[in-house]
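Protein chains in written order, with my numbering: chain A, 112 to 342; chain B, 112 to 342; chain C, 112 to 342; chain D, 112 to 342; chain E, 112 to 342; chain F, 112 to 342; chain G, 112 to 342; chain H, 112 to 342. Positions of the beta carbon are idealized from the N, C-alpha and C atoms, including for glycine.
Number of protein chains: 8
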Amino acid sequence: MADPFGAVPHLTFDADRAARIGLEEVVLAESKPLPLLAGLLEAAQREGRRLLCTRLTEAQHAGLPETVRAAMDYCMISRTGWLGAPAAVEGGADVVVVTAGTSDAGPATEAVRVLRWSGVEGELVADVGVAGLWRLLRWAERLQAADVVIVCAGMDAALPSVVAGLVGGVVIAVPTSAGYGVAAGGRTALNAALASCAPGVVVVNIDNGYGAACAALRVTARLRRQHGVPR
Amino acid sequence: MADPFGAVPHLTFDADRAARIGLEEVVLAESKPLPLLAGLLEAAQREGRRLLCTRLTEAQHAGLPETVRAAMDYCMISRTGWLGAPAAVEGGADVVVVTAGTSDAGPATEAVRVLRWSGVEGELVADVGVAGLWRLLRWAERLQAADVVIVCAGMDAALPSVVAGLVGGVVIAVPTSAGYGVAAGGRTALNAALASCAPGVVVVNIDNGYGAACAALRVTARLRRQHGVPR
Amino acid sequence: MADPFGAVPHLTFDADRAARIGLEEVVLAESKPLPLLAGLLEAAQREGRRLLCTRLTEAQHAGLPETVRAAMDYCMISRTGWLGAPAAVEGGADVVVVTAGTSDAGPATEAVRVLRWSGVEGELVADVGVAGLWRLLRWAERLQAADVVIVCAGMDAALPSVVAGLVGGVVIAVPTSAGYGVAAGGRTALNAALASCAPGVVVVNIDNGYGAACAALRVTARLRRQHGVPR
Amino acid sequence: MADPFGAVPHLTFDADRAARIGLEEVVLAESKPLPLLAGLLEAAQREGRRLLCTRLTEAQHAGLPETVRAAMDYCMISRTGWLGAPAAVEGGADVVVVTAGTSDAGPATEAVRVLRWSGVEGELVADVGVAGLWRLLRWAERLQAADVVIVCAGMDAALPSVVAGLVGGVVIAVPTSAGYGVAAGGRTALNAALASCAPGVVVVNIDNGYGAACAALRVTARLRRQHGVPR
Amino acid sequence: MADPFGAVPHLTFDADRAARIGLEEVVLAESKPLPLLAGLLEAAQREGRRLLCTRLTEAQHAGLPETVRAAMDYCMISRTGWLGAPAAVEGGADVVVVTAGTSDAGPATEAVRVLRWSGVEGELVADVGVAGLWRLLRWAERLQAADVVIVCAGMDAALPSVVAGLVGGVVIAVPTSAGYGVAAGGRTALNAALASCAPGVVVVNIDNGYGAACAALRVTARLRRQHGVPR
Amino acid sequence: MADPFGAVPHLTFDADRAARIGLEEVVLAESKPLPLLAGLLEAAQREGRRLLCTRLTEAQHAGLPETVRAAMDYCMISRTGWLGAPAAVEGGADVVVVTAGTSDAGPATEAVRVLRWSGVEGELVADVGVAGLWRLLRWAERLQAADVVIVCAGMDAALPSVVAGLVGGVVIAVPTSAGYGVAAGGRTALNAALASCAPGVVVVNIDNGYGAACAALRVTARLRRQHGVPR
Amino acid sequence: MADPFGAVPHLTFDADRAARIGLEEVVLAESKPLPLLAGLLEAAQREGRRLLCTRLTEAQHAGLPETVRAAMDYCMISRTGWLGAPAAVEGGADVVVVTAGTSDAGPATEAVRVLRWSGVEGELVADVGVAGLWRLLRWAERLQAADVVIVCAGMDAALPSVVAGLVGGVVIAVPTSAGYGVAAGGRTALNAALASCAPGVVVVNIDNGYGAACAALRVTARLRRQHGVPR
Amino acid sequence: MADPFGAVPHLTFDADRAARIGLEEVVLAESKPLPLLAGLLEAAQREGRRLLCTRLTEAQHAGLPETVRAAMDYCMISRTGWLGAPAAVEGGADVVVVTAGTSDAGPATEAVRVLRWSGVEGELVADVGVAGLWRLLRWAERLQAADVVIVCAGMDAALPSVVAGLVGGVVIAVPTSAGYGVAAGGRTALNAALASCAPGVVVVNIDNGYGAACAALRVTARLRRQHGVPR
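Right under this line is the structure:
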């Protein structure tokens with residue numbers, strides 16, 4: 112029997128997404144079979160289209176065709192890779208990405224890389240968890256200036272609440288899967304962020320640095336429009 | 112033995128919160144003993160301070176002193192009540208609140224009322240769930256114009272994903288506790304919103320119209336600053 | 112001590128199942144020890160009996176006797192394999208299998224292959240998730256014509272609700288384990304499908320393309336009987 | 112401040128649903144505030160429209176305007192009520208509703224009433240749980256003749272598996288919230304039905320007799336079309 | 112048939128518990144039938160034994176015999192009541208009880224009352240949650256002096272982590288059931304406290320101010336022994 | 112529309128259950144509508160049949176017809192009631208029912224009453240939880256003599272493990288819903304009993320004293336048969 | 112620093128367990144470090160003590176010293192291994208082990224092997240799940256004769272309820288981890304067995320064939336004592 | 112694009128933690144990428160700083176630079192490693208670490224090693240679970256003398272309750288992930304410890320021997336201060 116996926120295309124690209132909502136379609140690689148993934152990327156390379164992959168595991172990356180791998184800018188910490196050039200950086204919006212600890216580096220770097228791909232230069236403030244408050248407090252003024260603060264934290268995820276009590280900008284919590292026992296998997300961090308005692312914290316899925324960056328881009332697009340910058 | 116709460120104040124108001132982050136402290140009434148709640152409100156009334164209460168149950172409202180009840184603007188659907196006048200409405204930001212069904216009216220109205228209290232006139236688009244897509248699609252242009260869309264949906268919470276695929280503004284999902292069986296309590300709606308297939312949806316706690324409004328206010332404050340409007 | 116399974120047969124085949132309910136017994140391979148599985152298949156091959164295996168992992172497939180593997184039609188995407196010929200395709204019933212994204216290809220292909228094994232030619236409509244509604248809407252007329260639509264979707268599983276609001280045929284949701292964080296494992300997709308805001312969606316276990324196909328076959332058998340076609 | 116729901120309609124009826132998918136919109140009453148519910152029903156009565164309410168609690172029913180209550184056909188066991196006449200009963204399809212025990216009477220009656228409202232006369236087979244197999248087996252022939260069997264069972268929900276092993280028609284499981292301890296709420300019955308060892312069982316939400324009936328109506332509509340009966 | 116509890120005593124008091132471990136047996140009232148509870152307390156009153164009840168609901172308290180109620184020191188906030196005199200207050204140990212918000216008053220007062228009953232004068236520091244950090248920081252020196260700090264917090268329970276990063280004494284977290292949505296019930300607060308990013312936080316059951324006080328008494332007993340004070 | 116339950120009997124009694132498995136059918140009252148329950152009991156009374164009800168709430172009991180209530184032996188602690196005489200007590204088997212605390216009295220009394228109804232005189236050993244081990248140890252010899260020990264315990268349910276380490280008879284754990292926070296509902300007690308470190312503990316549903324008694328009766332029936340006593 | 116486990120023995124054998132409760136201590140291998148496990152078994156071999164290991168993985172078995180492996184009777188299906196001779200088989204008790212499907216073979220074989228080690232010859236009845244009822248019904252008479260029936264079933268675990276409705280002996284359910292989606296891990300099977308609609312089913316932990324055998328041995332020991340056979 | 116972590120340091124050491132709260136910062140290795148971890152340790156070695164790592168897997172340890180590995184004191188059972196010398200042992204406090212079984216050796220050894228690193232010589236009492244009570248009871252006097260007893264137990268975690276009923280010192284429960292089925296992962300042990308029927312048990316995260324040791328050090332620091340020993 113022929114593979115039923117042979118007759119119709121596997122994929123129906125949402126090609127007009129950028130025009131419609133200002134965010135391009137990206138490839139969530141993790142769950143895709145390698146041959147399909149390779150085919151996708153070879154086609155993009157052949158046609159000169161730029162393309163961003165998230166959650167591209169090291170094993171997947173290692174299995175890609177040599178020509179694709181040679182052309183790809185791949186980052187192991189964030190497991191993101193892109194073909195083609197990132198968008199030119201535009202001003203008019205200020206995004207900071209904060210981590211509670213070194214174990215949150217993966218999602219934080221994913222957020223920074225997605226922002227950069229989309230023309231926003233996010234600043235990273237690392238390892239300022241609440242167990243040593245002075246680490247965070249010395250950054251207070253910087254964070255208060257930001258339009259958007261993305262806060263990556265696992266375990267008890269106390270950091271988003273403390274940050275949201277200090278700043279007036281948009282605060283996006285990225286609960287991470289760092290930790291063990293009741294923390295591992297990130298459900299505790301997720302629930303703590305959702306139940307935050309500070310007003311107006313918004314939350315994305317566990318380890319979803321990509322989603323946080325997209326939400327930040329929705330904010331910065333509006334801010335730029337206020338400046339008269341076309342989106 | 113004296114009540115230990117008699118010796119020190121029960122409450123430590125975060126009076127400079129508005130100056131610090133642009134959002135006033137409000138009273139989450141639900142879990143507070145009635146005498147304490149009544150005391151709080153009488154003091155505010157006496158001192159001429161404006162004050163917003165959320166999750167103020169009908170039973171609590173009925174038990175308040177007559178003078179407080181007479182002065183309070185109370186809304187049964189949202190269970191919010193305020194003493195004093197809402198802030199003057201300012202322009203410069205456009206927020207729409209959408210519901211999937213009539214059962215989502217409580218959190219949606221809470222969001223509209225908190226926005227209004229804070230000087231933002233949010234528009235309500237009601238009962239446009241995805242089981243009859245035409246209901247949503249006729250609002251598409253309106254929603255695309257908004258800076259922030261707050262989407263209140265229970266059960267399977269499919270609406271935030273569909274909206275976020277249509278508009279470029281900030282999309283804040285408020286999962287609601289509407290439904291029964293696996294839906295009741297709102298965990299399914301919450302998880303569906305967090306796992307949205309559309310990029311950049313952010314999420315708040317179940318039924319948390321207040322939190323969604325605060326997040327929207329964080330966005331609108333930044334947009335106004337862009338206009339040169341002081342926060 | 113002798114293996115207690117040596118004295119009595121390991122298996123008690125439900126040989127009259129097809130006569131009784133119109134569905135043959137198939138082998139769920141995943142949890143079976145390899146020697147047992149190999150024995151089963153060798154016996155079927157020796158006796159010329161046709162046999163379908165589901166959830167047959169690549170590792171298991173690789174470990175089967177060479178003669179079995181040579182005779183088997185194995186599909187890696189769906190992890191299904193069969194010995195012998197599929198049933199002849201009969202008309203009189205129209206089944207479409209829809210996926211929200213490429214990550215749902217496994218269960219969707221399983222459904223298509225089980226249908227084919229049983230004499231029904233299901234049509235596949237791939238990657239039409241709700242984040243880009245136009246992809247689904249251009250298939251609306253086709254789906255409205257179908258007797259049964261099997262909808263495979265992970266993450267927030269918004270697609271079954273949207274489809275069930277568009278068509279009058281039987282809608283069977285297959286929640287899939289695609290996604291990560293709160294989505295991974297498929298519980299969120301499952302619960303969203305069960306809590307669907309659209310009327311009459313029925314649901315099977317996570318990734319259970321086989322079960323969805325069997326349910327579709329229960330429908331098509333009745334439709335054929337209406338035509339005077341003996342089941 | 113004016114109630115924001117005052118300015119725009121609370122409801123956006125999906126009036127063309129019956130034309131589109133063959134199933135009318137019904138009112139899920141449980142979570143609706145009484146004044147709104149009363150308004151809805153008075154309007155329908157005034158305009159002579161027929162309307163079905165599900166999950167209409169006794170307290171809600173008692174609070175409706177006298178004229179509405181006088182006109183309504185209300186059933187306490189199923190908590191359903193309708194205004195106007197049910198559809199005329201048509202032949203061409205055979206649906207049986209089975210219960211495992213008396214505690215499952217609520218959802219089973221809901222299914223029977225929704226079928227009847229829609230012109231299908233479902234037959235009820237009550238209290239035939241597997242702890243006394245003879246009770247079920249004496250109905251075997253009857254069940255084998257049915258096009259659709261709706262099986263309502265709580266606790267361990269063993270009944271859908273046994274029925275699906277006996278009959279070739281469509282088997283729809285309605286897990287119920289009957290039971291206590293690990294059973295109460297119906298999650299165990301739901302999961303057991305989803306994990307059924309019998310092929311092709313489909314499942315709806317806990318206590319969702321309405322949904323099971325809608326799914327059955329999707330099947331019967333297709334069967335009638337085969338007969339040349341217009342839907 | 113005679114009540115089987117009539118023949119043997121319902122209760123087997125652990126009368127030597129105080130001698131064995133330094134903590135008396137107390138009565139957890141909540142789940143006890145009223146007649147039994149009344150009997151217990153009348154017996155204690157008659158025999159002149161001192162006795163502490165925890166989780167004694169207002170309804171239970173209202174149903175007690177008049178003579179018992181007249182003699183009992185009952186506190187509605189903590190739902191604790193005692194017959195007889197608390198132990199004389201001894202020095203040699205410093206315990207502070209902190210709350211994140213007013214909604215944590217119940218468990219906090221329970222802890223203070225159990226400490227007082229046992230001869231320890233705990234100090235209460237109320238409503239110093241992390242959304243307004245200055246509230247906590249002005250108490251930093253006081254908390255650093257304490258031997259034991261009991262921290263009562265619901266919702267995201269960020270406070271125990273922040274406190275444990277500031278002080279060297281024993282930090283006991285009491286997660287509370289304050290909050291709604293994912294917070295309600297206290298599981299999120301509990302898990303956040305267990306997954307604390309600060310070292311050496313210990314945790315008790317949700318709302319268990321009694322248990323936290325007992326743990327503090329285990330510490331203070333050891334500290335007093337160091338002073339040569341007999342336990 | 113006529114109530115569909117009017118046409119066919121609501122109930123299909125499993126009248127030959129006692130002959131088949133040695134245990135009569137009993138009525139689980141909790142989830143049955145009052146009119147139905149009353150009808151059932153009146154019929155039994157009229158026909159002189161003996162009948163046992165479990166989980167018969169005080170509210171249900173209060174609502175029964177006066178003649179039924181007058182004839183019924185009802186026990187509030189266990190919420191059991193019977194019409195007619197219990198079976199004559201036979202020897203040949205020794206069952207002891209143990210509780211960890213007074214809060215476990217309900218399920219324990221249910222077990223004792225079901226045993227008595229069935230002709231077995233169970234002995235009750237109350238309030239011997241492990242926090243004061245001496246209470247249990249003084250009963251060690253008595254428990255070692257028993258054929259079956261039913262152990263009712265909530266909270267951490269440590270008692271079944273300790274008992275099963277002391278005795279050679281059959282140990283049946285009844286986890287109870289006593290406790291609060293992580294204990295309430297009985298899931299912790301249930302899981303602890305299932306994960307017991309002592310060999311051969313068997314477990315029934317939460318608060319299921321009835322089920323434990325039935326299991327004990329299955330054992331005692333076999334023991335009596337060994338004596339030549341007909342079951 | 113010296114390994115703290117070097118100074119005191121790792122193990123405190125419960126050597127008098129057999130004398131106390133009639134069941135020997137066995138070694139749960141799975142979670143033990145290999146060197147320790149090897150040491151244990153070498154010591155037993157050296158001293159000529161018989162010893163049973165459960166949950167001894169193939170990897171652990173492969174890593175044992177050659178002399179131990181040569182002497183051990185190891186069974187891959189059940190992952191059990193023993194050194195020395197099983198107890199002589201005694202009569203006076205009849206135990207049957209039933210499986211719903213081939214995937215339940217592991218726990219079923221564990222039960223049979225533990226029984227055999229302890230002198231009881233259990234009979235195995237394999238693959239008689241309820242999807243094809245005739246498979247079970249032809250064994251009905253045999254099962255009715257048994258003193259104890261151990262029923263191993265995964266997925267929806269409908270089999271224990273059906274068996275317990277057919278036989279009067281002791282029915283012990285072993286929920287197994289067979290299945291996928293909502294079934295995987297065995298929680299659904301566990302909960303279904305606990306919520307059984309048939310009276311007197313007792314349950315052990317998931318996949319715990321060892322525990323079921325121990326419980327059966329507690330029954331058979333009592334039955335033998337009735338015969339005058341010393342335990 | 113440059114790695115965003117290249118511009119700012121990955122880590123913000125909380126260098127004054129020991130001065131502030133008496134506990135040094137340690138490295139939780141498990142979730143850190145190897146190059147980063149190696150860099151950290153090489154820097155510490157170069158600068159002559161002492162440093163403790165917890166949850167350092169064997170794979171991570173094997174991948175460290177040879178010079179680091181040669182200098183490190185690594186313990187496989189506890190997965191802890193340190194560079195530099197432990198603190199000198201001081202008297203004035205008595206800590207005992209107890210295990211229920213050999214499977215709890217990992218967390219118990221972690222606790223002992225962290226105590227030793229910090230200058231406290233903890234004593235280990237191994238394998239004294241409640242299934243054989245005599246094993247614990249012979250240690251009763253020793254445990255009663257201790258200031259702090261750390262109790263490591265998995266499965267049903269009955270041991271902390273029994274210990275806390277015997278001793279007056281501080282009792283810290285470490286629930287462990289030992290066991291399978293409902294036990295595996297340690298949630299059952301955790302919940303059982305939190306719901307303990309004995310007063311004043313405090314609990315840390317699953318397998319968190321490090322946290323228990325830190326809590327014990329908070330107690331011993333206070334006890335030493337009582338002696339006039341500066342912390």
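Could you pull the start and end residues of the alpha helix (DSSP H) that C/Thr178 belongs to?
For C/Thr178, the uninterrupted alpha helix (DSSP H) segment begins and ends at Glu177 to Ala182.
Between B/Leu244 and C/Leu244, is the Cβ-Cβ spacing less than 9 Å?
A contact, by the Cβ cut-off of 9 Å.
Could you tell me if the beta carbon of A/Ser142 falls within a distance shorter than 8 Å of some heavy atom in the ligand NAD?
Among the components of this structure there are no ligands whatsoever, and the ligand NAD is therefore not found.
Quick one: grab the DSSP three-state call for C/Val281.
Annotated three-state conformation of C/Val281 is strand, per DSSP.
For the pair the region 199-217 of chain F and the region 169-185 of chain F, tell me if three or more CB-CB distances fall below 8 Å.
The region 199-217 of chain F, when compared against the region 169-185 of chain F, does not touch it at the 8 Å Cβ threshold.
On the criterion of 16 or more Cβ atoms from any shown chain inside 10 Å, does B/Gly240 qualify as buried, or is it exposed?
Buried, because 16 or more other Cβ atoms sit within 10 Å of the Cβ of B/Gly240.
With G/Val262 as the anchor, note down where its beta strand (DSSP E) starts and where it stops.
Note, G/Val262: beta strand (DSSP E), Val259 to Ala264.
Alpha carbon of A/Asp125 to alpha carbon of B/Val262, nearest angstrom
Taking the straight line from one Cα to the other gives about 23 Å.
When the Cα atoms are used, what is the spatial distance from E/Arg224 to A/Ala303?
In this structure, the alpha-carbon of E/Arg224 lies about 29 Å from that of A/Ala303.
Label F/Arg329 either buried or exposed according to how many other C-beta atoms from any shown protein chain fall within 10 Å of its C-beta, with 16 as the threshold for buried.
Under this definition F/Arg329 is a buried residue.
Please state if the CB of B/Val313 and the CB of B/Ala284 are separated by a distance shorter than 9 Å.
Contact flag set, yes.
Residue environment, G/Glu221, which counts as buried when at least 16 other CB atoms sit within 10 Å:
Around the beta-carbon of G/Glu221, 16 or more other beta-carbon atoms lie within 10 Å, marking it buried.
Would you mind reading off the limits of the beta strand (DSSP E) that contains G/Glu234?
Counted as a single uninterrupted DSSP element, the beta strand (DSSP E) harbouring G/Glu234 occupies residues Glu234 to Val236.
Shorter than 9 Å from the beta carbon of H/Val239 to some beta carbon of chain G?
Interface residue, yes.
Are G/Cys308 and D/Asp267 close, meaning C-beta to C-beta below 9 Å?
Cβ distance < 9 Å, so G/Cys308 and D/Asp267 count as in contact.
Please classify C/Val200 as buried or exposed, where buried requires at least 16 other C-beta atoms within 10 Å of its C-beta.
So C/Val200 ends up on the exposed side.
Quick check on B/Trp250: does DSSP put it in helix, strand or coil?
Coil, per DSSP.
Are the beta-carbon atoms belonging to F/Ala296 and F/Ser189 less than 9 Å from one another?
For the record, residue 296 of chain F in the displayed sequence is Gly; it is not Ala. Their beta carbons are not under 9 Å apart, which means F/Gly296 does not touch F/Ser189 by this criterion.
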